[in-house]
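Visitor:
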Amino acid sequence: MNELQKKISDIGVVPVIKLNHPQRDAKALADALCAGGMPIAEVTFRAAGAADAIRIMAEAHPEMIIGAGTVMTTAQIDEALAAGAKFIVTPGLDTELVEYCQSKDVTIFPGCTTPTDYHTAFRYGLEVLKFFPAEQSGGLAKIKAMSAPFPMFKVMPTGGISLKNLADYAASPVIAACGGSYMVTADLIDNGKWDEITDLCIKSIEIVKNARAK
Ligand code: 3PG
Numbered sequence: 001m002n003e004l005q006k007k008i009s010d011i012g013v014v015p016v017i018k019l020n021h022p023q024r025d026a027k028a029l030a031d032a033l034c035a036g037g038m039p040i041a042e043v044t045f046r047a048a049g050a051a052d053a054i055r056i057m058a059e060a061h062p063e064m065i066i067g068a069g070t071v072m073t074t075a076q077i078d079e080a081l082a083a084g085a086k087f088i089v090t091p092g093l094d095t096e097l098v099e100y101c102q103s104k105d106v107t108i109f110p111g112c113t114t115p116t117d118y119h120t121a122f123r124y125g126l127e128v129l130k131f132f133p134a135e136q137s138g139g140l141a142k143i144k145a146m147s148a149p150f151p152m153f154k155v156m157p158t159g160g161i162s163l164k165n166l167a168d169y170a171a172s173p174v175i176a177a178c179g180g181s182y183m184v185t186a187d188l189i190d191n192g193k194w195d196e197i198t199d200l201c202i203k204s205i206e207i208v209k210n211a212r213a214k
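Numbering (my numbering), first residue to last: 1 to 214.
#1: Sort I56, Y100 and P62 by Cα distance to A75 and report the nearest one.
#2: Mapping DSSP to helix, strand and coil, what is K6?
#3: Do L140 and S172 have their C-beta atoms within less than 8 Å of each other?
#4: Which residue wins for smallest C-alpha separation from G180, given the options P115, T95, K18 and P62?
#5: Does the contact criterion of 3 or more C-beta pairs under 8 Å hold for the segment 37-56 versus the segment 12-28?
#6: Quick one: any contact between the segment 119-129 and the segment 90-110, if contact means 3 or more CB pairs under 8 Å?
#7: Compute the minimum distance between the beta carbon of Y182 and the heavy atoms of ligand 1, and state whether it is under 7 Å.
#8: In whole angstroms, what is the alpha-carbon distance linking A85 and I54?
#9: Pull up the distance between the alpha-carbon of I65 and that of I40, whole angstroms please.
#10: Suppose only complete runs of 3+ residues qualify. What are the beta strand (DSSP E) ranges in the segment 148-191, listed by chain order?
#11: If the criterion is Cβ atoms closer than 8 Å, does the pair A177 and G12 meet it?
#12: Taking just the CA atoms, how far does M72 sit from A80?
#13: For M156 versus F131, is the C-beta spacing smaller than 8 Å?
#14: Look at the Cβ atom of I207, then the Cβ atom of V174, and state whether they are nearer than 8 Å.
#15: Bridge partners for E42 per DSSP, in chain order?
#16: Which residue's Cα is closest to the Cα of A60: T44, F45 and A35?
#17: Kindly indicate which three-state DSSP category F132 falls into: helix, strand or coil?
#18: Between which two residues does the alpha helix (DSSP H) harbouring P115 extend?
#19: What whole-angstrom Cβ distance do V184 and P15 have, given they're in contact under 8 Å?
Given below as structure tokens:
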């Protein structure tokens, strides 16, 4: 793992964020995450204005590790990096995007769930993969089964992670960090429930800490 991946792994949980109103919500959300001990975000390009959200969060909290998610094109990678993104997450394994990030020395977590994906990721020298959509693709059981032939990878599962299954995932040595939107849902954000977001972050960090200590 590189330095950035180690820092992400140390935090242990990555909130996956879709912000429809970055000017209204990005700073308050960044404040809430940092207050909850989760100075990290994957800001998805599922919403227009993702780059604005990245910029606002990065300016408000330079200590935060902010990445871009649901990245589909090299143009979005450029946009994200210009806004201050430190890492790129893609839903699937697009080798053009992997090569583009590697040419810029930028950390990319491509979504991988099959042995074929892992083979390709191995060829590109990747070490940490997004495992997406985690629960729907077989969950922790599949992640563990995949690590038998591919012990060189750590994964960042997202998709269906919640407070209920976080401990199970976090306890596995194959897991670099867990991603999810459960602590940053549209309901929480649209209704400005910042304290609740902070509480969910605190709970999540505690769960990961305890699971790893076992
Ligand atoms: C992602 O893009 O990583 C997922 O959509 C997050 O999945 P979740 O909403 O089930 O946490």
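Using N, Cα and C, we set each Cβ at its ideal position, and we do this for glycine too.
Guide: Reading from the atomic positions:
#1: Y100
#2: helix
#3: yes
#4: K18
#5: yes
#6: yes
#7: yes
#8: 7 Å
#9: 5 Å
#10: 154-157 and 178-180
#11: yes
#12: 11 Å
#13: yes
#14: no
#15: V16 and G67
#16: A35
#17: coil
#18: P115 to R123
#19: 5 Å
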